[in-house]
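Trainee: So in our numbering, the last one in the sequence shown is 240, and the numbering has no gaps at all. Dropping the structure in here first, questions after.
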Amino acid sequence: MPRILLVEDDPSVRRGLELALRHNGHEVFTSASGEDGLERVRSARPDVVVLDVMLPGTGGLEVCRRIREHDQVPVIMVTGRGDDADIVVGLESGADDYVVKPVAARVLEARIRAVLRRHGAPVSDTARPRAETHGDLSVDRAGLAVTLRGERIALAPSELRLLLTLSASPGQVLTRRQLLEAVWEHDYHGDIRLVDACVKRVRGKLGEFGGDARYIETVRGFGYRFRSR
């Protein structure tokens, strides 16, 4: 039974989503503030965090950043319709996905199931060795582990899935739409910002900043490709 932490300060929204999630077979924990949500992440050890951006006290964006300091639990951000700036900042803070208010229970359930699938499912190829080496980078598909110069990199589920997808076909250009469908299982073109924000986070963890694209190269007007070193 997947354990869901729902961090939402609006009592009616929180209760409605809690009932819908329980109806779908989830064990649900709820928090009404960012501070309590952070404590619940540590104590309840949820499988997914559903996090509202607008929270009293410690806001959702700060909660997401602080979660990512010590935990790679999947985070689905809940934002107001049209708050594009919050969406982009939230994704760059480490969120794996987002939904907009008013939240449709079936949409949230689909996003939860998708993030749980990619949290545990590698991009596999039986012809490939257990671990691949690309210069200083090692990718272990079976063990879902990535190391850089011998040090394991902490990757959120979407970050890991993105890197596995790109590195499965070195040199091949993958469009943002292809990556969106492979990693997030979305088909809405407007969600390509998920791809760009996730690439930015992965590049940062690989030590790629500015124009230094050692592993993930932008192909302007098309998408991205993995460069095997």
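From the three backbone atoms N, C-alpha and C, an ideal C-beta is built for every residue, glycine too. Since we're looking at a predicted model, the values are computed, not measured.
1. Ignore the nearest five residues each way along the sequence and tell me which others in residue 98's own chain have a CB closer than 6 Å to its CB.
2. Starting from the C-beta of residue 183, find all residues in its chain whose C-beta is less than 7 Å away, skip the five residues before and the five after it, and write them out in chain order.
3. Determine which residues share a DSSP beta bridge with residue 78 and list them.
4. List in chain order: all unbroken beta strand (DSSP E) runs of 3+ residues lying wholly within the stretch 13 to 84.
5. Tell me residue 245's beta-bridge partners as DSSP assigns them.
6. Note down the Cα distance separating residue 128 from residue 51, rounded to an integer number of angstroms.
7. So, under 8 Å CB-CB, residue 185 and residue 205 are touching, yes? Tell me the CB distance rounded to an integer number of Å.
8. Check whether the Cβ atoms of residue 212 and residue 103 lie closer than 8 Å to each other.
9. Let me know if residue 233 comes out buried or exposed under the rule of 16 or more other beta-carbons within 10 Å of its beta-carbon.
10. Can you give me the C-alpha to C-alpha distance between residue 122 and residue 87, rounded to a whole angstrom?
11. Considering only C-alpha positions, which residue in the set 165, 193 and 231 is nearest to residue 216?
12. Is the distance from the Cβ of residue 57 to the Cβ of residue 25 below 8 Å?
13. Are the beta-carbon atoms of residue 150 and residue 178 separated by less than 8 Å?
14. Near residue 195, which residues of its chain fall below 6 Å by C-beta distance, leaving aside the five closest residues on each side in sequence?
15. Express the C-alpha separation of residue 107 and residue 41 in angstroms, rounding to a whole number.
16. Suppose contacts are defined by Cβ-Cβ distances below 8 Å. Is residue 38 in contact with residue 65 by that definition?
17. What residues in its chain sit with their C-beta under 7 Å from that of residue 229, if we drop five residues either side in the sequence?
18. Closest by CA to residue 73, which one among 219, 210, 61 and 101?
19. Could you tell me whether any non-hydrogen atom of the ligand COA is closer than 7 Å to the CB of residue 24?
20. Could you tell me the alpha carbon to alpha carbon distance between residue 60 and residue 225, rounded to whole angstroms?
21. Would the beta-carbon of residue 105 fall within 8 Å of that of residue 76?
22. What does the Cβ neighbour count give for residue 22, buried or exposed, with the cut at 16 atoms within 10 Å?
23. Residues in the same chain with beta-carbon distance under 8 Å from residue 173, minus the five sequence neighbours each way, listed in chain order, please.
Mentor: Walking through what the data contain:
1. By the criterion of a C-beta distance shorter than 6 Å, residue 98 is surrounded in its chain by 90 and 109, once the five residues flanking it on both sides are discounted.
2. Shown here for residue 183: same chain residues with a beta carbon closer than 7 Å to its own, the five before and five after excluded, namely 236 in chain order.
3. For residue 78, no pairing in a beta bridge is given by DSSP.
4. For the stretch 13 to 84, whole beta strand (DSSP E) runs of length 3 or above, ordered along the chain, are 14 to 18, 38 to 42 and 59 to 63.
5. Shown here, the chain extends from 12 to 240; a query on residue 245 therefore has no answer.
6. Spanning the two alpha carbons is a distance of roughly 23 Å.
7. Contact between residue 185 and residue 205 is ruled out by a C-beta separation of about 14 Å, above the 8 Å threshold.
8. Yes.
9. So residue 233 counts as exposed.
10. The alpha-carbon atoms of residue 122 and residue 87 are separated by roughly 8 Å.
11. Nearest C-alpha to residue 216: 165.
12. No, they are not a contact pair.
13. Yes. Within cutoff.
14. Excluding the 5 residues flanking it on each side, residue 195 has same chain C-beta neighbours closer than 6 Å at 205, in chain order.
15. Cα to Cα, residue 41 sits roughly 19 Å from residue 107.
16. Their beta carbons are not under 8 Å apart, which means residue 38 does not touch residue 65 by this criterion.
17. 235.
18. Of 219, 210, 61 and 101, the residue nearest in Cα terms is 101.
19. Only the bare structure without any ligand can be found here, which leaves the ligand COA out of the picture.
20. Rounded to the nearest angstrom, the two C-alpha atoms are 32 Å apart.
21. Yes; because the gap between Cβ atoms is below 8 Å, this pair is in contact.
22. Counting other Cβ atoms within 10 Å of its Cβ, residue 22 stays below 16 and is therefore classed as exposed.
23. Apart from the 5 residues on each side of it in sequence, residue 173 sits with its Cβ closer than 8 Å to the Cβ of 190, 194, 206, 209, 210 and 213 in its chain, given in chain order.
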